[in-house]
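Q: This is the structure, below, for whatever I ask next.
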Amino acid sequence: MEQDKVIPLDTQRRLVAYQTAKSWEEVPHVAYLYEPDATEFYQAYLRRREELSGQGLRLTLNTLLLKAVAEGLKAAPLLNAHFAFEKGDHSGEIRVKKEISPSVPWLLEGDQMLTVTVPEVGSKTLKETAEAVEAIQKKLEMTDLPQLMRDVALGRDSGGQGLRRGDILGGTVTVSNLGSIYRGPGQVALLEILPPQVFAVGISALQEKPGVYTNQRGEKAIGVRRYLPMCLAFDHRVMDFSGLVPFLKRMDEIFASPAEIGTW
1 MEQDKVIPLD TQRRLVAYQT AKSWEEVPHV AYLYEPDATE FYQAYLRRRE
51 ELSGQGLRLT LNTLLLKAVA EGLKAAPLLN AHFAFEKGDH SGEIRVKKEI
101 SPSVPWLLEG DQMLTVTVPE VGSKTLKETA EAVEAIQKKL EMTDLPQLMR
151 DVALGRDSGG QGLRRGDILG GTVTVSNLGS IYRGPGQVAL LEILPPQVFA
201 VGISALQEKP GVYTNQRGEK AIGVRRYLPM CLAFDHRVMD FSGLVPFLKR
251 MDEIFASPAE IGTW
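In the working numbering, the protein residues as written are 1 to 264.
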């Protein structure tokens, strides 16, 4: 009789299990499903990608969305914070972070994931952000992943040319683009917030759907549009829904008038 296959948890899986369990045990999540019309935004992305390609730089939609989220966070800085809370006396503090440094889950060989911090996206240009993403990818190729996971668990740095412990710690917000892994229908409904962070963004694949839009003559029309489903989850201990509204309004502006991408 064939036996069950038993797969022991490696260090990477153990760390993920610890972090996600801590999230659901501690954080009261509120999730909002945001689905902007990204038709013109996507066309602006293609133009900007061609411009940067002429400068020898690769721009992905994921990198552009990191920058867009950072712009949204500038309008809602409370979302870009670390939160400390004591259950005993209910004391705590919200530390609003000066820099916007997204934690980005990165797909590795063998379908493993590693969350890497892209530093200071809020103060970088789009070109500088794309350069930072390329630099991380090159470091990943030189990273001893099991050793890195041990360093994280033990709170140390072993050195080397690859990623170090600091490269995967210290993020201020998590931005996870699941649409880069699965481009089919559907969207993220909920995702964990990783303490001490208070906000997480789950991005699904672009979806083509019929939608109402304003054409070049200023008239309402129905046509095939590209929508970008996004799950926005925040820590209810830190804010109420009103705290998310400035972020949403800024994102609305970006998707409605994406020409500003050219100034990033």
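Backbone N, C-alpha and C define an ideal beta-carbon position, used for all residues, glycine too. Just so we're clear, the structure is a prediction, and the values are computed from it rather than from any experiment.
#1: Have a look at LEU228 and PRO36 and give me their C-alpha separation to the nearest angstrom.
#2: What beta strand (DSSP E) runs, 3 residues minimum, are completely inside the segment 48-101?
#3: Tell me, which residues are paired with VAL30 by DSSP?
#4: Leaving out the 5 sequence neighbours to the left and right, which residues in its chain are closer than 6 Å to ALA70 when beta-carbon positions are compared?
#5: To the nearest angstrom, report how far apart GLU131 and ARG58 are at their CA atoms.
#6: Which term fits ARG48, buried or exposed, when burial requires 16 or more other beta carbons within 10 angstroms of its beta carbon?
#7: Would you decide whether LEU9 is buried or exposed? Buried here means 16 or more other CB atoms lie within 10 Å of its CB.
#8: Tell me, to the nearest whole angstrom, how far the beta carbon of PHE83 is from that of VAL245; I am working on the premise that it is less than 8 Å.
#9: Rounding to the nearest angstrom, what Cα-Cα distance links GLU265 and PRO195 in this structure?
#10: Kindly give me the distance between the Cβ atoms of ILE261 and ALA44, rounded to whole angstroms, as I take these residues to be in contact under 8 Å.
#11: Taking DSSP as the reference, what is the three-state secondary structure of GLN197?
#12: If we call anything under 9 Å between Cβ atoms a contact, is TYR34 one with MET230?
#13: Can you tell me whether VAL116 is helix, strand or coil according to DSSP?
#14: Give me the Cα-Cα distance between GLY159 and LYS127, rounded to the nearest whole angstrom.
#15: Within 10 Å of its beta-carbon, does GLY54 have 16 or more other beta-carbons around it, so buried, or fewer, so exposed?
#16: Taking DSSP as the reference, what is the three-state secondary structure of THR174?
#17: Let me make sure I understand the geometry here. Which of THR172, ARG217 and LEU154 has the alpha-carbon closest to that of VAL198?
#18: Which residues in the same chain have their Cβ closer than 7 Å to the Cβ of LEU287, if we skip the five residues on either side of it in sequence?
#19: Tell me whether SER103 is buried or exposed, calling it buried when 16 or more other Cβ atoms sit within 10 Å of its Cβ.
#20: Which residues share a DSSP beta bridge with PRO210?
#21: Would you identify the three-state DSSP class for ASP37, choosing helix, strand or coil?
#22: Classify GLY110: buried if its beta carbon has 16 or more other beta carbons within 10 angstroms, exposed otherwise.
#23: Return yes when the Cβ of ILE168 is within less than 9 Å of the Cβ of VAL27, no when it is not.
#24: In the DSSP assignment, find the unbroken alpha helix (DSSP H) run with GLU253 in it and report its ends.
A: Short version:
#1: Sequence index remark: in the sequence shown, residue 228 carries index 228 (1-based). Sequence index remark: in the sequence shown, residue 36 carries index 36 (1-based). So the two alpha carbons sit approximately 6 Å from each other.
#2: 81-85 and 92-96
#3: Along the sequence shown, read from residue 1 onward, the residue named residue 30 stands at position 30. Per DSSP, PHE234.
#4: Position 70 of the sequence shown, counted from the first residue, corresponds to residue 70. So the list reads ILE100, VAL121 and GLY122, once near-sequence residues are dropped.
#5: Position 131 of the sequence shown holds residue 131. Position 58 of the sequence shown holds residue 58. If you take the alpha carbons of GLU131 and ARG58, they lie about 8 Å apart.
#6: As a first step, residue 48 must be located in the sequence shown, where it is residue number 48. The residue is buried, with at least 16 neighbouring Cβ atoms inside 10 Å.
#7: Residue mapping note: residue 9 aligns to position 9 of the sequence shown, counting from 1. When all chains shown are included, LEU9 counts as exposed.
#8: Here the question's residue 83 lines up with position 83 in the sequence shown. Here the question's residue 245 lines up with position 245 in the sequence shown. Rounded, the Cβ-Cβ distance is 19 Å, inconsistent with contact.
#9: Nothing about residue 265 can be reported from this structure: the residues present for the chain run from 1 to 264 only.
#10: What you label residue 261 is simply residue 261 of the sequence shown in a count that begins at 1. What you label residue 44 is simply residue 44 of the sequence shown in a count that begins at 1. Yes, ILE261 and ALA44 are in contact; Cβ-Cβ is about 5 Å, under 8 Å.
#11: Against the sequence shown, residue 197 aligns to sequence position 197. Strand, per DSSP.
#12: For the purposes of this step, residue 34 is taken as residue 34 along the sequence shown, with counting starting at 1. For the purposes of this step, residue 230 is taken as residue 230 along the sequence shown, with counting starting at 1. Against a cut-off of 9 Å, the Cβ pair of MET230 and TYR34 comes out as a contact.
#13: As a working note, residue 116 is residue 116 in the sequence shown. Reduced to three states, the DSSP call for VAL116 is strand.
#14: To locate residue 159, count along the sequence shown from 1; it is residue 159. To locate residue 127, count along the sequence shown from 1; it is residue 127. When rounded, the distance between both Cα atoms is 28 Å.
#15: Here residue 54 is taken as the residue at index 54 of the sequence shown, counted from 1. With fewer than 16 Cβ atoms within 10 Å of its Cβ, GLY54 is classed as exposed.
#16: Along the sequence shown, one-based indexing puts residue 174 at 174. DSSP places THR174 in strand when its eight states are reduced to three.
#17: To locate residue 198, count along the sequence shown from 1; it is residue 198. It is THR172.
#18: There is no way to answer for residue 287, as the model of the chain reaches only from 1 to 264.
#19: Locating residue 103 in the sequence shown gives position 103, where the first residue counts as 1. Per the 10 Å Cβ criterion, buried.
#20: As a working mapping, residue 210 is identified with position 210 in the sequence shown. Answer by DSSP bridge pairing, in chain order: VAL224.
#21: Mapped onto the sequence shown, residue 37 falls at position 37. Looking at ASP37 - three-state DSSP - the assignment turns out to be strand.
#22: What you label residue 110 is simply residue 110 of the sequence shown in a count that begins at 1. Result: exposed.
#23: Here the question's residue 27 lines up with position 27 in the sequence shown. Here the question's residue 168 lines up with position 168 in the sequence shown. Taking 9 Å as the Cβ cut-off, VAL27 and ILE168 do not qualify as a contacting pair.
#24: As a working mapping, residue 253 is identified with position 253 in the sequence shown. 245-256 is the extent of the alpha helix (DSSP H) around GLU253.
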